[in-house]
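Reading through the structure tokens given below for one structure.
See the structure below:
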């Protein structure tokens, strides 16, 4: 297996260069469905994580659903303990929640990402997850 091969049920996609400024490390994006219900497979190389961010929306929109399909990763909402993710894990991130997600230091990670449709749905990118915050995560793969 090469450094960029990672067995998973969905395509890895292309390098996520359009959003690279909001990630530490390299990620890949494979759009799976578009229109009013976009669905994408996002793959993170080991140690890659996105910045803190908030999804906004009204009328029931803006919630993010993350469905882990392969590898091992983290999800964390501001002020809460990090959550360990593995295949089959599902996280619902309510609109307005400051959060981040990404791969564990020693593992590739892939999840499907879906944003619920609604009015004024948008994404606000914030500060990076620092090496100090990321480095303090448990290394054993368990919830914090």
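Numbering (my numbering), first residue to last: 556 to 699.
Built from N, CA and C at the ideal position, the CB exists for glycine as well.
Should residue i go down as buried or exposed, given a rule of 16 or more other Cβ atoms within 10 Å for buried?
i: residue 650; result: buried
i: residue 602; result: buried
i: residue 612; result: buried
Hey, residue i and residue j: beta-carbon distance below 8 Å or not?
i: residue 640; j: residue 629; result: yes
i: residue 598; j: residue 667; result: no
i: residue 647; j: residue 618; result: yes
i: residue 600; j: residue 584; result: no
Which two residues bound the contiguous beta strand (DSSP E) that contains residue i?
i: residue 583; result: 582-588
i: residue 630; result: 628-632
i: residue 616; result: From DSSP, residue 616 is part of no beta strand (DSSP E); its letter is neither H nor E.
If distances are taken between C-alpha atoms only, which option among the options comes closest to residue i?
i: residue 680; options: 569, 572, 577 and 665; result: 577
i: residue 657; options: 623, 582, 604 and 590; result: 604
i: residue 572; options: 631, 566 and 581; result: 581
i: residue 661; options: 575, 594, 627 and 579; result: 627
i: residue 608; options: 671, 567, 659 and 652; result: 652
Which residues bound the alpha helix (DSSP H) around residue i?
i: residue 691; result: Careful: residue 691 lies outside any alpha helix (DSSP H) and carries neither H nor E.
Length-filtered (3 minimum) beta strand (DSSP E) runs lying within the stretch 622-677
628-632, 638-640, 645-648, 654-658 and 664-670
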